[in-house]
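Peer 1:
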């Protein structure tokens with residue numbers, strides 16, 4: 111496992127350079143100019159391009175950008191007044207000053223803890239010569255460590271100061287809440303539908319999942335806003351609709367709307383996977399021994415049916431964490447989805463690169479964690495070349 115993990119981590123390096131190079135070239139291939147305004151004279155435009163380094167060749171601009179990027183300077187945003195750094199817009203952190211919450215540095219504590227955990231597991235696996243050590247470790251201590259790291263990370267994210275936070279914090283909170291809703295609702299409904307196959311409850315849940323999957327998220331968001339407005343009018347209450355700086359409680363409604371469609375996908379996939387597993391002989395054996403239906407469904411059937419579900423969960427988690435442009439616009443959430451769209455329209459090259467690289471690295475890291483979790487749910491999966499478990 112140690113060699114596999116090292117190879118996957120090293121693959122992040124060419125992925126990073128490939129994504130930045132492609133995005134860098136494509137961003138500058140968009141027709142138009144970031145400072146193409148009738149109010150600016152030709153001399154003023156040339157002076158601005160020289161100040162931002164846009165008068166250099168593309169190759170020179172790329173290498174300068176990469177060097178600054180790795181130092182924590184992601185460049186200034188073209189669409190903000192002055193020289194507002196991209197890191198300040200996304201994370202609330204200005205690399206030129208020591209002020210601000212330094213959001214990414216605070217999250218670095220969580221990332222460091224995860225790296226220490228993974229490194230400890232890899233070292234223990236590399237130096238352990240006991241064949242029975244890894245299965246025992248995987249069943250006992252490893253789940254406790256992973257759950258502790260996840261809980262600590264979520265606690266850190268939801269307790270950060272939002273007074274000077276960037277848009278990524280709100281997108282991250284929205285995505286985590288939406289993912290929790292998607293996972294709990296989708297898996298629960300899928301398991302219930304599979305256990306009650308061909309019953310009225312199965313038909314009702316399957317129809318609900320189909321309808322929920324067919325309705326776009328922004329339509330559900332607009333309907334939810336209409337309901338909130340009607341409730342406020344009928345009850346003389348003051349339920350928040352679109353706060354400029356939403357709290358965790360105010361993010362529950364947009365998170366539920368964002369995760370509703372994804373929950374329908376997970377519910378359908380969970381149902382089909384569970385139906386395939388519950389027909390296996392070991393499930394019939396467990397039923398013949400008199401085990402309770404919840405124990406059979408959770409401890410035996412769901413764990414063996416979780417591999418395809420885990421793949422989709424990892425893919426959807428990356429999408430939810432990067433924010434939803436439609437939901438953020440409907441509920442006026444200051445996330446990074448709005449910044450990404452506006453940066454494309456304004457030819458804001460540093461903001462485009464910053465958001466794309468952030469999206470891409472999240473997808474790569476989440477896919478790596480999902481691949482490592484396969485071995486936990488299926489002991490037959492091995493990360494050692496040529497070995498068979």
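Residue numbers (this note's numbering): 111 to 499.
Positions of the beta carbon are idealized from the N, C-alpha and C atoms, including for glycine.
1) Check each candidate in 288, 374 and 370 and name the one with the smallest Cα separation from residue 303.
2) Hey, residue 453 and residue 465 are a contact pair by Cβ (cut 8 angstroms); roughly how many whole angstroms apart?
3) Is the separation between the beta-carbon of residue 319 and that of residue 305 shorter than 8 angstroms?
4) Answer yes or no: do residue 424 and residue 467 have a C-beta to C-beta separation smaller than 8 angstroms?
5) Do residue 276 and residue 199 come within 8 angstroms of each other at the CB atom, strictly closer than that value?
6) Is residue 170 buried or exposed, if buried means 16 or more other CB atoms sit within 10 Å of its CB?
7) Give the C-beta separation of residue 460 and residue 196 to the nearest angstrom, bearing in mind that I take them to be a contact with Cβ-Cβ under 8 angstroms.
8) Between 342, 340, 389 and 283, which has its C-alpha nearest residue 270's C-alpha?
9) Take residue 420 and list the residues in its own chain whose beta-carbon comes closer than 8 angstroms to its own, dropping the five residues that flank it on each side.
10) I'd like to know if the segment 279 to 296 and the segment 369 to 388 are in contact, where contact means that at least 3 CB-CB pairs between them fall below 8 angstroms.
11) By the 10 Å Cβ neighbour count, where 16 or more other Cβ atoms means buried, how is residue 343 classified, buried or exposed?
12) Three Cβ pairs or more, each shorter than 8 angstroms: is that satisfied between the segment 396 to 408 and the segment 322 to 337?
13) Please look up how many angstroms separate the CB atoms of residue 470 and residue 129, rounded, as I've assumed it's under 8 angstroms.
14) Could you tell me if residue 317 is buried or exposed, where buried requires 16 or more neighbouring beta carbons within 10 angstroms of its beta carbon?
15) Give the single residue among 427, 447, 446 and 456 whose Cα lies nearest to the Cα of residue 472.
16) Classify residue 60 as helix, strand or coil using the three-state DSSP reduction.
17) From which residue to which residue does the alpha helix (DSSP H) around residue 294 run?
18) Tell me the DSSP secondary structure of residue 209 in three-state form.
19) For the alpha helix (DSSP H) containing residue 312, list its first residue and its last residue.
20) Can you name, in chain order, every residue of its own chain whose Cβ lies under 7 angstroms from the Cβ of residue 368, other than the five neighbours on each side?
21) Assuming residue 331 contacts residue 440 under a Cβ cut-off of 8 angstroms, what Cβ separation, rounded to an integer in Å, is found between them?
22) Taking C-beta to C-beta, are residue 133 and residue 455 nearer than 8 angstroms?
23) Whole angstroms are fine: how far does the CA of residue 381 sit from the CA of residue 396?
24) What is the DSSP secondary structure of residue 444, reduced to helix, strand or coil?
25) Tell me which residues share the same chain as residue 422 and place their Cβ nearer than 8 angstroms to its Cβ, disregarding the 5 neighbours each side in the sequence.
26) Grouping DSSP H, G and I as helix and E and B as strand, with all else coil, what is residue 195?
27) Buried or exposed for residue 336, going by 16 or more other Cβ atoms inside 10 Å?
28) Alpha carbon to alpha carbon, how far is residue 286 from residue 260?
29) Assign residue 443 to buried or exposed, taking buried as 16 or more other Cβ atoms, counted over all protein chains shown, within 10 Å of its Cβ.
30) At what residue ranges does the segment 371 to 417 contain a whole run of the alpha helix (DSSP H), taking only runs of 4 or more?
31) When burial is assigned at 16 or more other CB atoms within 10 Å of the CB, is residue 142 buried or exposed?
32) May I have the straight-line CA-CA distance separating residue 416 from residue 159, to the nearest angstrom?
33) When you compare only the Cα positions, how much space is there between residue 180 and residue 360?
34) Taking only three categories from DSSP, how would you classify residue 456?
35) In or out: residue 408 buried (at least 16 other Cβ within 10 Å) or exposed?
36) When you compare only the Cα positions, how much space is there between residue 278 and residue 201?
Peer 2: Looking at the atomic coordinates:
1) 374
2) 7 angstroms
3) no
4) No. Outside cutoff.
5) yes
6) exposed
7) 5 angstroms
8) 283
9) 480, 483, 484 and 487
10) Contact check between the segment 279 to 296 and the segment 369 to 388: three or more CB pairs, one atom from each, fall below 8 angstroms, which counts as touching.
11) exposed
12) No: the two stretches stay apart, fewer than three of their Cβ pairs being nearer than 8 angstroms.
13) About 5 angstroms separates the beta carbons of residue 470 and residue 129, which is inside the 8 angstroms limit, making them a contact pair.
14) exposed
15) Checked all of 427, 447, 446 and 456; the closest Cα to residue 472 is 427.
16) Here the chain covers residues 111 to 499 and nothing more, so residue 60 does not appear.
17) 277 to 305
18) Bear in mind that the predicted position of residue 209 carries a pLDDT of just 49, short of 50, making it too unreliable to give a figure here.
19) 310 to 324
20) 284, 288, 327, 430, 434 and 437
21) Rounded, the Cβ-Cβ distance is 4 angstroms, consistent with contact.
22) no
23) 20 angstroms
24) coil
25) 375, 376 and 379
26) strand
27) exposed
28) 11 angstroms
29) buried
30) 391 to 398
31) exposed
32) Their backbone Cα atoms lie some 53 angstroms apart in a straight line.
33) In this model, residue 180 and residue 360 are separated by some 35 angstroms (Cα to Cα).
34) coil
35) exposed
36) 6 angstroms
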